[in-house]
Structure formats: C-alpha cells, structure tokens
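Enquirer: Have a look at the structure that comes next, please.
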Amino acid sequence: TRAYVEQDLHAIYEGEVRYARDAFEGLRLMDALIAVKRGVPGAALPELRQRRHARVEVEEPEEENLGQVRSDVAVENRVPAPPFWGDRIVKGVPFADYASWLDEDALFK
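When you line the sequence shown up against our numbering, it's residues 357 to 465, in that order.
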C-alpha cells in the first residue's frame, strides 16, 4: 500500500522510495523524476503522503513460551530415494493411456 511504501519502507531504506498506484501514475512519477534529474525549472517530485491512521503496534509474544511446548510429530521420518535422478524419455507408451490426462483447452490455446 502507499502508506507501507511511503512511510515504513522510506524510513528504513537509504535511497528514494516512491509508490505508484498503477502504470499511469508510475509513468507520471518517472517523468517527474527525469525532469528533476535534468534540472528543469519548477520540476519536483510529489510530496510523500502521510498515513491517515496511526500505525497499530502489535505486541510480540514472549520468547520463553515459544520453545517449551513440543508437539508429538515424529521427526525421524525416512526420506524415500527417487527411482532416478534427472529426466528421461519413455518410449512405447500408447497415446490412449495418457490422452485422458491432457487438458485440450490448455493444449490448443
């Protein structure tokens, strides 16, 4: 959102950060930026807008409670090995065996 870019990101990023609502606003912003860089008299970037609503601070949970409770999920599961690595070409499979899996709309568009 505009507030996130022009307030939050602008505060932590050292370079210039601007928000454009769509491609047309982005083109107007780029025209203004080029005019400023070329030294066109009276050219200026639009002012950064202020946030309409105050930013809500979210209370972080205490870290001491996060690691104490463990679930009963098994962690020693064996990862199966694939039958082969890489790709391969399989020949001799009749078309009728896999034709029903093809999406004709996606195939012929």
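C-beta: ideal position from N, C-alpha, C; glycine also.
Predicted model only: the values in this text are computed from it and were never measured.
#1: Taking only three categories from DSSP, how would you classify V361?
#2: I need the straight-line Cα distance from I445 to E432, nearest angstrom please.
#3: By the DSSP assignment, the alpha helix (DSSP H) with R405 in it spans what residues?
#4: Measure the alpha-carbon distance for E403 versus A367 and round it to whole angstroms.
#5: Going straight from the alpha carbon of R408 to that of V396, what length do you get?
#6: I'd like the span of the alpha helix (DSSP H) that includes E393, first residue to last.
#7: Would L385 and A399 be called neighbours here (beta carbons separated by less than 9 Å)?
#8: Taking DSSP as the reference, what is the three-state secondary structure of V458?
#9: Report the rounded CA-to-CA distance for F451 versus E460, giving the unit in angstroms.
Expert: By the coordinates alone:
#1: Taking the first residue of the sequence shown as position 1, residue 361 is located at position 5. If DSSP states are grouped into helix, strand and coil, V361 belongs with the helices.
#2: For the purposes of this step, residue 445 is taken as the residue at position 89 of the sequence shown. For the purposes of this step, residue 432 is taken as the residue at position 76 of the sequence shown. Rounded to whole angstroms, I445 to E432 spans 35 Å at the Cα level.
#3: On the sequence shown, position 49 is the one that residue 405 refers to. That residue, R405, is in no alpha helix (DSSP H); it is neither H nor E in DSSP.
#4: One-based indexing of the sequence shown puts residue 403 at position 47. One-based indexing of the sequence shown puts residue 367 at position 11. About 15 Å.
#5: Counting from 1 along the sequence shown, the entry for residue 408 is found at position 52. Counting from 1 along the sequence shown, the entry for residue 396 is found at position 40. Rounded to whole angstroms, R408 to V396 spans 32 Å at the Cα level.
#6: For the purposes of this step, residue 393 is taken as the residue at position 37 of the sequence shown. Note that residue 393 is Lys in the sequence shown, not Glu. Counting along the chain, the alpha helix (DSSP H) containing K393 begins and ends at 379-394.
#7: The sequence position of residue 385 within the sequence shown is 29, counting from 1. The sequence position of residue 399 within the sequence shown is 43, counting from 1. Contact flag unset, no.
#8: As a first step, residue 458 is located in the sequence shown; it is residue number 102 there, counting from the start. Note that residue 458 is Leu in the sequence shown here, rather than Val. L458: coil per DSSP, three-state reduction.
#9: Within the sequence shown, the letter at position 95 stands for residue 451. Within the sequence shown, the letter at position 104 stands for residue 460. For F451 and E460, the distance between alpha carbons rounds to 14 Å.
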